[in-house]
Amino acid sequence: MSEAELENEEVGLLVEQEACNRWHLDHDANNGDDPRHYDATATTDTPVTGIVAGALVEVKGCAEWISDGSARRRGRWWFSKSNHDALLDEGGYYALGVYDSDEVEVHRVVLINARAVDGILADRWSTCGKQHHSKESAQLPWPEVLHSGLDVGVSD
């Protein structure tokens, strides 16, 4: 595993742990054999988000800012179409985290129904190359969710 992949995996686990702590989720890091991809399960009903105990949650993290050579842009979450469709079928949720890549500190984690994310992603799916595990994927810059007015549970 490359250093960048290891760093991404470590940051991903940090975002998953933070989401679980903030939203009362049970972390399930070993679901690789399950055809439904998810990272956690809700342990309690949370009226502010509408989530019910037992709901599946996929956790995603992105850096607040990304450098693109001499410029920088807002970070983006990546979505796999097959995983997204499976989460939709399960009535699941996303916990979407934004972290500071310099301090490796999670600043925000929102909890949002996968159906709401589906509406945003509808026209964004594109075909991936052979190196990807998914045939289709989409990117979503974090401000499009956090500044959208969508019904999300926000934990800063």
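Per this note's numbering, the sequence shown starts with residue 73, numbered consecutively. Think of the CB as a built atom: it goes at the ideal place given N, C-alpha and C, for glycine as much as any other residue. Fair warning: this is a prediction, and the values are worked out from it, not measured in the lab.
Review point. Quick one: is K132 buried, meaning 16 or more other Cβ sit within 10 Å of its Cβ, or exposed?
Key: As a working note, residue 132 is residue 60 in the sequence shown. When all chains shown are included, K132 counts as buried.
Review point. Would you say L54 and T113 are within 8 angstroms of each other, going by their C-beta atoms?
Key: Because the chain is modelled from 73 through 228, residue 54 falls outside the range shown and cannot be assessed.
Check your understanding: How would you write the range of the beta strand (DSSP E) that D98 sits in, first residue to last?
Key -> The residue labelled residue 98 in the question sits at position 26 within the sequence shown. Looking at the DSSP string, the run of the beta strand (DSSP E) that includes D98 is L97 to H99.
Review point. From S154, L183, T199 and Y110, pick the residue whose C-alpha is nearest to that of P119; which is it?
Key: Position 47 of the sequence shown, counted from the start, is the residue given in the question as residue 119. When each option's Cα is compared against that of P119, the closest is L183.
Point to revise | Same chain, Cβ closer than 6 angstroms to A210, five either side skipped, listed in chain order | key: Counted from its first residue, the sequence shown places residue 210 at position 138. F151, L193, R196 and W197, listed in sequence order.
Check your understanding: DSSP three-state call for L86: helix, strand or coil?
Key -> For the purposes of this step, residue 86 is identified with residue 14 of the sequence shown, where counting begins at 1. Residue state, collapsed to three classes: helix.
Review point. Are the CB atoms of G169 and E90 nearer to each other than 8 angstroms?
Key: Your numbering for residue 169 matches position 97 in the sequence shown. Your numbering for residue 90 matches position 18 in the sequence shown. Closer than 8 angstroms, so yes.
Review point. Does the beta-carbon of W137 have 16 or more other beta-carbons within 10 angstroms, so that it is buried, or is it exposed?
Key: The residue you call residue 137 lines up with position 65 of the sequence shown. Classification for W137: exposed.
Point to revise | Exposed unless 16 or more other CB atoms sit within 10 angstroms - verdict on G164 | key: Here the question's residue 164 lines up with position 92 in the sequence shown. Buried: at least 16 other Cβ atoms inside 10 Å.
Review point. Using the beta-carbon count (16 or more within 10 Å), is V181 buried or exposed?
Key: Position 109 of the sequence shown holds residue 181. The residue in question, V181, is buried, as its Cβ has 16 or more Cβ neighbours within 10 Å.
Review point. Should E88 be labelled buried (16 or more other beta-carbon atoms within 10 Å of its own) or exposed?
Key: By 1-based counting over the sequence shown, the position of residue 88 is 16. When all chains shown are included, E88 counts as buried.
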